[in-house]
Ligand SMILES: NC(=O)c1ccc[n+]([C@@H]2O[C@H](COP(=O)([O-])OP(=O)(O)OC[C@H]3O[C@@H](n4cnc5c(N)ncnc54)[C@H](O)[C@@H]3O)[C@@H](O)[C@H]2O)c1
């Protein structure tokens, strides 16, 4: 799909990977709605030239309202890139006591349910307006999993489960939505230098960045993720696949 003159929605757009994707799409000539639950998204959108919306992607009504506003202001969405996510580590057993279920649930709600929530709303717009666009391909969705979906570490059960869910729904959704002319792809990043990793307490940050990919032996850069998303959008044969973007990094059980 050509990016120029399309309407795109990016979630988790206030920082890190989502912000970089928003910048790439704007530079490529798209109209970009930048969604995030952090109010800082309004400022980032102003800086980049997008339109900011403060919304929690796990909130059904709030997200539906935001998508309606995008439709009114920017037109029907053709590109959705889901980057909103939280990486909340936590052991299931803590000194003999079970973890509070609410902690696990929240990670699933944001990372997994937030992703499908935005997808279903976006695809409804893509489908509703497909005749108006006259394109064979009416939409593309790029979701963000993590290599933790495959080699999750100790303390990452909730995060890994949420990201494995995001990865696992890629093929069935690509199969289901193919008839509508909508592609579904997923990127599973390794360790990237974003606020999610850079803002960790010093000790945890050092541990995360001690994971050295074989090559290039450094954390990924948000622009590299954005370049991956750009390639996915532009290459129509990419569909129903999860692409690891990790410099061949495989995480051990613990660092
Ligand atoms: N940075 C990494 O090393 C790495 C590795 C693998 C996967 N990921 C995934 O990439 C995605 C982007 O992460 P990032 O590294 O840019 O982190 P980040 O913290 O910089 O960005 C995540 C954004 O999501 C937003 N967000 C969180 N919960 C939300 C909610 N309920 N509703 C709306 N917005 C919400 C945050 O406010 C933040 O702006 C996440 O899904 C993350 O799990 C990151």
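Numbering (the numbering used here), first residue to last: 6 to 260. We put the beta carbon where it would ideally sit given N, CA and C, even for glycine. Just so you know, these numbers come straight off a predicted model, no measurement behind them.
Cβ-heavy atom distance, residue i to ligand 1, below 7 Å
{"i": "residue 176", "result": "no"}
{"i": "residue 197", "result": "yes"}
{"i": "residue 156", "result": "no"}
{"i": "residue 115", "result": "yes"}
{"i": "residue 22", "result": "yes"}
{"i": "residue 12", "result": "no"}
{"i": "residue 62", "result": "yes"}
{"i": "residue 26", "result": "no"}
{"i": "residue 19", "result": "yes"}
{"i": "residue 91", "result": "yes"}
{"i": "residue 151", "result": "yes"}
{"i": "residue 41", "result": "yes"}
{"i": "residue 124", "result": "no"}
{"i": "residue 256", "result": "no"}
{"i": "residue 200", "result": "yes"}
{"i": "residue 119", "result": "yes"}
{"i": "residue 206", "result": "no"}
N- and C-terminal bounds of the beta strand (DSSP E) containing residue i
{"i": "residue 190", "result": "187-194"}
{"i": "residue 2", "result": "Look at the range of the chain in this structure, 6 to 260, and you will see that residue 2 is not part of it."}
{"i": "residue 40", "result": "36-41"}
{"i": "residue 56", "result": "56-59"}
{"i": "residue 84", "result": "84-87"}
{"i": "residue 247", "result": "247-250"}
{"i": "residue 107", "result": "Segment 106-112 is the alpha helix (DSSP H) holding residue 107; no beta strand (DSSP E) there."}
{"i": "residue 13", "result": "12-16"}
Short Cβ contact (8 Å threshold) for residue i with residue j
{"i": "residue 40", "j": "residue 26", "result": "no"}
{"i": "residue 124", "j": "residue 91", "result": "no"}
{"i": "residue 171", "j": "residue 202", "result": "no"}
{"i": "residue 255", "j": "residue 29", "result": "no"}
{"i": "residue 89", "j": "residue 115", "result": "yes"}
{"i": "residue 228", "j": "residue 186", "result": "no"}
{"i": "residue 16", "j": "residue 87", "result": "yes"}
{"i": "residue 165", "j": "residue 157", "result": "yes"}
{"i": "residue 44", "j": "residue 59", "result": "yes"}
{"i": "residue 19", "j": "residue 46", "result": "yes"}
Rounded separation between residue i and residue j - CA only
{"i": "residue 195", "j": "residue 22", "result": "12 Å"}
{"i": "residue 249", "j": "residue 219", "result": "14 Å"}
{"i": "residue 208", "j": "residue 82", "result": "41 Å"}
{"i": "residue 240", "j": "residue 69", "result": "29 Å"}
{"i": "residue 85", "j": "residue 198", "result": "23 Å"}
{"i": "residue 122", "j": "residue 67", "result": "11 Å"}
{"i": "residue 1", "j": "residue 161", "result": "Outside the displayed range of the chain (6 to 260) lies residue 1, so it cannot be described from this structure."}
{"i": "residue 31", "j": "residue 237", "result": "16 Å"}
{"i": "residue 179", "j": "residue 126", "result": "16 Å"}
{"i": "residue 205", "j": "residue 216", "result": "15 Å"}
{"i": "residue 11", "j": "residue 49", "result": "20 Å"}
{"i": "residue 99", "j": "residue 130", "result": "45 Å"}
{"i": "residue 176", "j": "residue 42", "result": "28 Å"}
{"i": "residue 55", "j": "residue 101", "result": "49 Å"}
{"i": "residue 14", "j": "residue 210", "result": "30 Å"}
{"i": "residue 159", "j": "residue 257", "result": "9 Å"}
{"i": "residue 144", "j": "residue 252", "result": "29 Å"}
{"i": "residue 9", "j": "residue 96", "result": "45 Å"}
{"i": "residue 184", "j": "residue 242", "result": "15 Å"}
{"i": "residue 149", "j": "residue 163", "result": "16 Å"}
{"i": "residue 94", "j": "residue 181", "result": "33 Å"}
{"i": "residue 33", "j": "residue 52", "result": "16 Å"}
{"i": "residue 259", "j": "residue 213", "result": "10 Å"}
Range covered by the alpha helix (DSSP H) that runs through residue i
{"i": "residue 168", "result": "162-173"}
{"i": "residue 214", "result": "207-214"}
{"i": "residue 155", "result": "Where residue 155 is concerned, there is no enclosing alpha helix (DSSP H), given that its DSSP letter is neither H nor E."}
{"i": "residue 260", "result": "Here residue 260 belongs to no alpha helix (DSSP H), and DSSP marks it neither H nor E."}
{"i": "residue 232", "result": "227-239"}
Exercise for the section: May I ask you to verify whether the stretch 66-83 touches the stretch 102-113, counting CB pairs closer than 8 Å and requiring at least 3? Expected result: No: fewer than three Cβ pairs fall under 8 Å.
Problem - Cβ pair count under 8 Å reaching 3, the stretch 180-195 against the stretch 242-256 - result: The stretch 180-195, when compared against the stretch 242-256, does touch it at the 8 Å Cβ threshold.
Practice task
Count the C-beta pairs between the stretch 222-230 and the stretch 151-162 that are closer than 8 Å, then say yes if the count reaches three, no if not.
Solution key: No: fewer than three Cβ pairs fall under 8 Å.
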